[in-house]
Amino acid sequence: MNLFYQGLLVFGVVVFFYNIKNKIVNRRERGKVLYKLLLDNRTMNIVSGAVILMLVMMGWALYGRHQAGEVITEIEFTQFLSTLVLFLAVSINSLSQTIITEGGIIKNNILIKWDSIKKIEWTGFNNKTCKLVIDYNSPKRASIVKITVKEDRTEKDMVTSLIKQYRKSSKKKK
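All residue numbers for the sequence shown refer to numbering that gives the first Met the number 0, where the first residue is 0 and numbers rise by one.
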């Protein structure tokens, strides 16, 4: 069982550094930030906060056991460390804000370039939010991403105008 958690720890470290590399590449390619969507990853932020709280409580319990003179086994420490590293590796993608930039739209550490966007559609209108569905070509396959935008007319109009403006300018460059 300890070998499983050590493998999980190695996997988490690899994913962590891969995500850091992607974040650096995206920062280089994105250009100037035009708009940040604050509402988009709200559910993921709440869940991530709960997981962070559980990890802090788990670390506090291990620390309390150590202070009480109990021996913390290698498996317990490896479980805690592998869970922590794996969560940090995944949270780099999920905790970042959705950003509209000169280079494209960045959601969950994925840069969707303007020239790879095929179709944009507004759906899911309710009393507070609406969804922006973006159909695009990623390097490996066609993909779809959903972005939550406030129903507020100004934010929706701002996002729509930025997308129209930069999609047109990317098509002219081709």
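Just so it is clear, CB atoms sit at the ideal spot from N, CA and C, and this is done for glycine as well.
Answer yes or no: do residue i and residue j have a C-beta to C-beta separation smaller than 9 Å?
i	j	result
THR177	ILE51	Nothing about residue 177 can be reported from this structure: the residues present for the chain run from 0 to 173 only.
ILE143	VAL132	yes
PHE86	LEU61	no
LEU103	ILE111	Here the sequence assigns Gly to residue 103, which means Leu is not the residue at that position. Going by C-beta atoms, GLY103 is nearer than 9 Å to ILE111.
TYR165	TRP121	no
VAL70	PHE15	no
TYR4	LEU161	no
CYS129	LYS167	no
LEU2	ASN40	no
THR72	LEU8	no
Please name the residue or residues paired with residue i in a DSSP beta bridge.
i	result
LYS145	VAL132
VAL32	THR100
Taking all protein chains shown into account, do 16 or more other C-beta atoms lie within 10 angstroms of the C-beta of residue i, making it buried, or fewer, making it exposed?
i	result
SER81	buried
VAL24	exposed
ASN18	buried
VAL158	buried
SER137	exposed
LYS106	buried
VAL46	exposed
Assuming residue i and residue j make a contact with CB atoms under 8 Å, what is their CB distance in whole Å?
i	j	result
ARG27	THR100	That belief does not hold up - the Cβ atoms of ARG27 and THR100 are roughly 11 Å apart, past 8 Å.
ASN108	ASN21	5 Å
GLY11	ALA88	5 Å
Subject >> Ordered list of beta strand (DSSP E) runs contained in the region 98-142, each at least 3 residues >> reply: 103-106, 109-112, 116-122, 128-136
Practice prompt. Any chance you could list the alpha helix (DSSP H) runs of at least 4 consecutive residues sitting entirely within the region 46-95, in chain order?
Written response: 73-93
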